[in-house]
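Residue numbers for the sequence shown follow the working numbering, beginning at 15 and rising by one.
Virtual Cβ for every residue (Gly too), placed ideally from N, Cα, C.
Everything numeric in this text was worked out from a predicted model, so none of it was measured.
Scroll down for the structure; my scribbles are underneath it.
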Amino acid sequence: MDWKFLQRIWTPDTYFLNGKSSYLHKVTAPNKFVRVRHDGQLKYSMRLTIQTNCPMHLRKYPLDKQACPLVIGSFAYTARDVLYQWNGPNPVAVADDVTLSQYDYLNITLANNTETDSKGTSSLLARFILRRRRGYFILQIYAPCAMIVGASWVSFWINKSDAPGRVAVGATTVLTLVTMGFGGRSSLPRVAYATAIDWFVILCFSFVFAAMVEYACVNVVDRNDLMALQKALKFQEDQASGASKENGEDLTAISESCDTEEKPVICHQKFRPFRWKKKKRYREISTQMEDPYALDRGSRIDAYARVLFPLAFGVFNLLYWTLYLYTIDDEIPDDHML
């Protein structure tokens with residue numbers, strides 16, 4: 015029947031409880047109609063476009079699923095006057111040609127809600143389960159951040175004496191990651207807690223920063239090894255020439271303490287501790303001189319870093335993707351009245 019017939023019959027004041035804005039299509043005429051069945055039942059239909067609130071839980075963002083509700087009820091009538099119920103096993107259908115740019119539609123859950131409070135309201139709940147598409151984030155954030163972390167490992171193969179080169183690699187990767195990881199999420203939702211992508215960027219930044227700290231450790235260790243090598247060379251020269259000032263003073267002190275009237279055995283016992291310490295020190299330094307790699311601990315640290323950093327980053331990625339894809343559940347509420 016013509017939509018003007020609706021002016022002659024009573025209709026419930028149905029509205030959308032979580033709606034923000036909506037409008038009725040009126041081209042070329044109001045898009046609504048009513049049908050009267052042979053048993054007297056009426057079927058009232060209209061075409062609406064509705065914008066609703068969708069509370070989101072973003073701890074797993076962008077690897078999350080969201081449940082967007084649509085709540086239908088009466089504005090003024092209670093459950094004693096109007097009782098809403100879904101009609102049939104599949105009362106809600108989604109058109110096959112409907113697509114979303116950022117989400118994949120999964121399914122719909124339905125519920126009939128009748129509140130038992132003093133108002134006794136009745137409403138219908140349709141919850142649309144959506145999964146966020148991850149391709150954009152993998153291409154724009156995840157993959158570039160992982161590549162920047164890998165680029166920071168190049169410094170492990172640069173000669174440790176090339177300080178400008180290694181510092182340049184470290185500073186460039188840190189600044190690039192800050193710009194791409196933290197600056198690139200300026201258009202993303204701003205929440206008070208860390209999301210999944212925040213944890214990934216933070217840990218990637220930690221790996222890049224750790225690569226710079228590794229070179230600082232290499233530089234300090236290398237400088238200490240160089241000082242030890244210089245002392246070893248000087249010690250050998252002093253031993254060869256017998257011109258060590260420290261040893262000469264010790265020998266003079268021991269010689270003066272040996273009274274000529276004392277027995278040779280007593281004087282020998284006074285001199286023995288110094289000879290033992292001198293031989294032990296000479297033996298340790300001589301061993302290091304025979305093995306130059308023992309005095310090159312910086313190169314060993316770099317060699318360990320070439321293996322440990324990629325291994326640790328691989329373990330981190332394995333745990334990260336396993337937790338967020340399979341272990342941590344999405345915060346999808348149960349079917350109840352919002």
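Just measuring C-alpha positions, the residue of R146, D316, L153 and F89 sitting nearest G134 is F89. At the C-beta level, I23 and L56 come within 9 Å of one another.
With 16 or more other Cβ atoms from the protein chains shown falling within 10 Å of its own Cβ, C218 counts as buried. Fully contained in the region 110 to 195 are the following alpha helix (DSSP H) runs of length 4 or more, in chain order: 157 to 166 and 177 to 191.
One thing to note: S136 has its Cβ within 9 Å of the Cβ of T128.
For C68, the secondary structure class from DSSP, reduced to helix, strand or coil, is coil.
A distance below 9 Å separates the beta carbons of L144 and A81.
Judged by DSSP in its simplified three-state form, R22 adopts helix. Assigned with DSSP and collapsed to three states, K245 falls in helix.
DSSP places A81 outside any alpha helix (DSSP H); the residue lies instead in the beta strand (DSSP E), whose first and last residues are K79 to S88. With contacts defined as CB atoms closer than 9 Å, R314 and A208 fail to qualify as a contacting pair. Straight-line measurement puts the Cα of R148 at about 30 Å from the Cα of V321. Counting only residues of its own chain and dropping the five nearest sequence neighbours on each side, I64 has a CB closer than 7 Å to the CB of F30, G33 and S36. With 16 or more other CB atoms across the displayed protein chains lying within 10 angstroms of its CB, R141 is buried. A distance below 9 Å separates the beta carbons of S166 and M226.
Short of 6 Å from the beta carbon of L20, and not among the five residues preceding or following it, lie these beta carbons of its own chain, in chain order: V48. In the three-state reduction of the DSSP assignment, R49 falls in the strand class, which pools E and B. Cβ-Cβ distances below 6 Å link V188 to V222 in the same chain, with the five nearest sequence neighbours on each side left out; the list follows chain order. Under the three-pair Cβ rule at 8 Å, the region 225 to 240 counts as touching the region 177 to 184.
Boundaries of the beta strand (DSSP E) harbouring L56: L56 to M60, taken from the DSSP string. Going by beta carbons, L202 and I216 fall outside the 9 Å limit. Secondary structure note for Y29: its beta strand (DSSP E) is the uninterrupted segment T28 to F30. DSSP places G312 within a helical segment (H, G or I) once states are collapsed to three. Per DSSP, Y37 is one residue of the beta strand (DSSP E) stretching across G33 to L38. Comparing alpha-carbon positions, the option among N126, A160 and P103 lying closest to G328 turns out to be A160. Taking a C-beta distance under 9 Å as the contact criterion, P26 and V108 do not qualify as a contact pair. Assigned with DSSP and collapsed to three states, T341 falls in helix. Nearest in C-alpha terms to A177, of all of P105, A230, L333 and T113, is A230.
DSSP lists Y37 as the bridge partner or partners of T63. 9 Å or more divides the Cβ of L77 from the Cβ of M60.
Note on geometry: alpha-carbon atoms of V41 and D343 lie some 45 Å from one another. Between F170 and D316 a beta carbon distance of about 5 Å is seen, short of the 8 Å cut, so the two are scored as contacting.
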